[in-house]
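For what it's worth, the working numbering labels the leading residue of the sequence shown as 1336, then goes sequentially.
All C-beta atoms in this analysis are idealised placements derived from N, C-alpha and C, irrespective of residue type, glycine included.
Data first, discussion second: the structure below is written as structure tokens.
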Amino acid sequence: MDLKTVILLLAVGSFLFGLLLLVFKFNKKDPQEVPFWIVAKLLQAAGSMMLYYRTDTFDILTIIANIALLSGCAYEAWAIRVLTGHPVKRRLHVTTAVGIILVCSFTVFLDMPYRTGVVFLLQSLFYFLPGYYLFVKSGKRFSLQLILAVCYCVTGSIFLTGAVSCLFFPKTAVNMAEKPISGMIPGASFYLFLVSGFIMLMLAKERSDIKVQEIQKTLKKSESRFQQIVETAIEGILIFDNRYRITFANKNMASMLGYTVEEMIGRSYVSFFPESHLDVYYQQESLRKKGADSVYECCLLRKDGNRHWFLISAKAILDDFGGFDGSFAMLTDINERKEMERLLEESNRLLTELSNMDSLTGIANRRRFDAVLEHEYSRLRHSNSKLSIILFDIDHFKEYNDYYGHVMGDVVLRRIGEVLAQSIRSADLAARYGGEEFACILPDTDINNAVSIAERIRQRIQDLKIEHKKSPVSDYVTASFGVATVQYSPETTLDEIVNIADRLLYKAKTAGRNRTEYAWEKKDRYPVSS
1336 MDLKTVILLL AVGSFLFGLL LLVFKFNKKD PQEVPFWIVA KLLQAAGSMM LYYRTDTFDI
1396 LTIIANIALL SGCAYEAWAI RVLTGHPVKR RLHVTTAVGI ILVCSFTVFL DMPYRTGVVF
1456 LLQSLFYFLP GYYLFVKSGK RFSLQLILAV CYCVTGSIFL TGAVSCLFFP KTAVNMAEKP
1516 ISGMIPGASF YLFLVSGFIM LMLAKERSDI KVQEIQKTLK KSESRFQQIV ETAIEGILIF
1576 DNRYRITFAN KNMASMLGYT VEEMIGRSYV SFFPESHLDV YYQQESLRKK GADSVYECCL
1636 LRKDGNRHWF LISAKAILDD FGGFDGSFAM LTDINERKEM ERLLEESNRL LTELSNMDSL
1696 TGIANRRRFD AVLEHEYSRL RHSNSKLSII LFDIDHFKEY NDYYGHVMGD VVLRRIGEVL
1756 AQSIRSADLA ARYGGEEFAC ILPDTDINNA VSIAERIRQR IQDLKIEHKK SPVSDYVTAS
1816 FGVATVQYSP ETTLDEIVNI ADRLLYKAKT AGRNRTEYAW EKKDRYPVSS
């Protein structure tokens, strides 16, 4: 086999080997790659192919071929270094590449066979380097690494011999170039290509298997730690499939809901939601299927049917294509907090009611009356409706207290408060205005209906037949009423509305008591009748 044929075989073989390595790199099921190796083979293929087509004249193609070939040998040395477990810094291989370019460019100024000697010298160095890496890694034990180390060292020795001949015995080198022995160097390269390719593939697979074992070991260790963390976590943990069925539940989660873990596996998540919270479930399901995470509060049904509140941190699980593949949720027990919030809310409501309630009669107090009057009068601005106010007080109540005592007077006030609360509609407000004076707010009520309500209250008070010996009006407790009906007017204030009713009440008193006086405001006129 002549020299050119060997070079061509080296070029084709290196190129095919590089393509094979590319296939391994992009194998989806089991990707394998050794850094620098693909580049090394493609550079060697390119350099060998250019040397095959070169002429006997030293030209730029020869320089480029030598640069590519030497760079491929250097990158192969770095690939061996990586396989033996040593990193290659970027600065090292960049500096090496620049040095190769400079040395090959310098050979322009040398004569044959010195040019060849310099190239052979660099090649021998790049063959001795991987031999050294492999020899140290093998630890002098018989192994594939040791065999490959010997191959690289033998090939490096052949190239070194050629370099010494060209540099120190140029005439001998020229004579030998025309003899068959000159084919030893490319022949050694071809032999190294065959042996090293097979052994390096074996080493790469061994390296890949070790990595897989390490990854599996790490995953198993991580899985064990995750399982331990999940089982000992204070929070409840749930994992769902893409149909929101439970595929995992830790013991704490099952305990909080009164189930065993086995009872929860396979159940639909929606079955734990009370009907009043189904809107929360469907909203969260929609978010998760869109890939969105969220934190929300909701209550779940325990096995005994009781509700239990949780703060839920939920995360969507997506497949390799971005599709919804399930969900992960961490549930924190907030049942006690929710119960405290409910009690606090109830306490606040009771406090609000108490602050707006007259403690003696149980109906609204003056503060509540003022607030409701402001609200209802403001509402008239848009409704164009009517608002009626009733003010009344107990006739000769001071004399009652002086004769019967304040304890009995309080009894009278409570009984009248009860009558007042029973005599108005649900939309109306009954209030103790102060002392023995009471008031009513009647929204959307005209003067006729307001007077009817006032008369009903007056009659029911009289029907109580509470003895009042010191009253010049009647033998029983009675009351006098003032009723005013208004429409909204920017010129009329709340105080003026109350004053209208108060004046009518005063008129009822001066007219003999136990009666009702009323007026209807129409714009700025007050037609009064009694």
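Going along the chain, which unbroken runs of the alpha helix (DSSP H) with 4 or more residues stay wholly within the stretch 1449-1473? Runs found: 1449-1473.
Closest by C-alpha distance to residue 1628, when choosing among 1401, 1441 and 1665: 1665
Could you compute how far the alpha carbon of residue 1799 sits from the alpha carbon of residue 1812? If you take the alpha carbons of residue 1799 and residue 1812, they lie about 8 angstroms apart.
So, does the stretch 1687-1705 touch the stretch 1605-1616, judging by three or more C-beta pairs under 8 angstroms? no
Which residue comes first and which comes last in the beta strand (DSSP E) that contains residue 1767? Counting along the chain, residue 1767 sits inside the beta strand (DSSP E) bounded by residues 1764-1769.
Who pairs with residue 1774 in a beta bridge, going by DSSP? 1726 and 1766
Start-to-end residues for the beta strand (DSSP E) that takes in residue 1817: 1814-1821
Are the stretch 1777-1784 and the stretch 1795-1809 in contact at 8 angstroms, needing three or more beta carbon pairs? no
Through-space distance from residue 1743 to residue 1816, alpha-carbon basis: 23 angstroms
Given this structure, state the Cα-to-Cα distance separating residue 1786 from residue 1644, to the nearest angstrom. 52 angstroms
Give me the residue from 1679, 1789 and 1793 with the minimum Cα distance to residue 1724. 1789
Just the C-alpha distance for residue 1388 and residue 1422, rounded to the nearest angstrom, thanks. 36 angstroms
By how many angstroms is the C-alpha of residue 1460 removed from the C-alpha of residue 1515? With a pLDDT of 46 at residue 1515, under the threshold of 50, the predicted position of this residue should be treated as unreliable, though the coordinate-derived value follows. Cα to Cα, residue 1515 sits roughly 25 angstroms from residue 1460.
Check whether the Cβ atoms of residue 1583 and residue 1573 lie closer than 8 angstroms to each other. The beta carbons of residue 1583 and residue 1573 sit closer together than 8 angstroms.
Mapping the DSSP letters down to three states, classify residue 1571 as helix, strand or coil. Taken through DSSP and simplified to helix, strand or coil, residue 1571 comes out as strand.
Secondary structure of residue 1659, DSSP reduced to three states: strand
Neighbourhood of residue 1702 by C-beta, 8 angstroms cutoff - its chain only, sequence neighbours within 5 removed: 1690 and 1691
7 angstroms CB neighbourhood of residue 1851 in its chain, flanking five on each side removed: 1786, 1789, 1790, 1793, 1816, 1818 and 1843
Is it buried or exposed, residue 1340, if we count other Cβ atoms within 10 angstroms and call 16 or more buried? Residue 1340 sits exposed, since fewer than 16 C-beta atoms from the chains shown fall within 10 Å of its C-beta.
Among all the DSSP beta bridges, which residues are the ones paired with residue 1851? 1816
Nearest candidate by alpha-carbon position, reference residue 1803, set 1446, 1758, 1738 and 1650: 1738
Considering only C-alpha positions, which residue in the set 1838, 1619, 1442 and 1493 is nearest to residue 1399? Shortest Cα-Cα distance from residue 1399 to any of 1838, 1619, 1442 and 1493 involves 1442.
Cβ distance (whole Å) where residue 1829 is taken to contact residue 1709 below 8 angstroms: About 6 angstroms; that satisfies the 8 angstroms criterion.
With a threshold of 8 angstroms on Cβ separation, who are the neighbours of residue 1699 within its own chain once the five nearest residues in sequence on each side are excluded? Closer than 8 angstroms at Cβ, skipping near neighbours: 1691, 1692, 1693, 1707, 1764, 1765, 1766 and 1767.
Selection from 1722, 1486 and 1667 that minimises the alpha carbon distance to residue 1469: 1486
Which residue marks the beginning of the alpha helix (DSSP H) containing residue 1785, and which one marks its end? 1782-1798
For residue 1403, report the span of its beta strand (DSSP E) as first-last. Premise fails: residue 1403 lies in the alpha helix (DSSP H), 1395-1418, not in any beta strand (DSSP E).
Is residue 1680 buried or exposed, if buried means 16 or more other CB atoms sit within 10 Å of its CB? When all chains shown are included, residue 1680 counts as exposed.
Does residue 1853 come within less than 8 angstroms of chain C when only Cβ atoms are used? Reference to chain C is not applicable here, since this structure consists of a single protein chain.
In chain order, what residues of the same chain lie with their CB nearer than 6 angstroms to the CB of residue 1401, ignoring the 5 residues before and after it? 1439 and 1454
Span of the beta strand (DSSP E) around residue 1952: One cannot answer for residue 1952 here, as it falls past the ends of the chain, which runs 1336 to 1865.
Please classify residue 1600: does DSSP put it in a helix, a strand, or coil? Coil.
From residue 1418 to residue 1500, what distance separates their C-alpha atoms? 33 angstroms
Which value, in whole angstroms, describes the spacing of the CA atoms of residue 1603 and residue 1577? 11 angstroms
Taking the alpha carbon of residue 1772 as the reference point, which residue from 1677, 1497, 1836 and 1426 has its own alpha carbon closest? 1836
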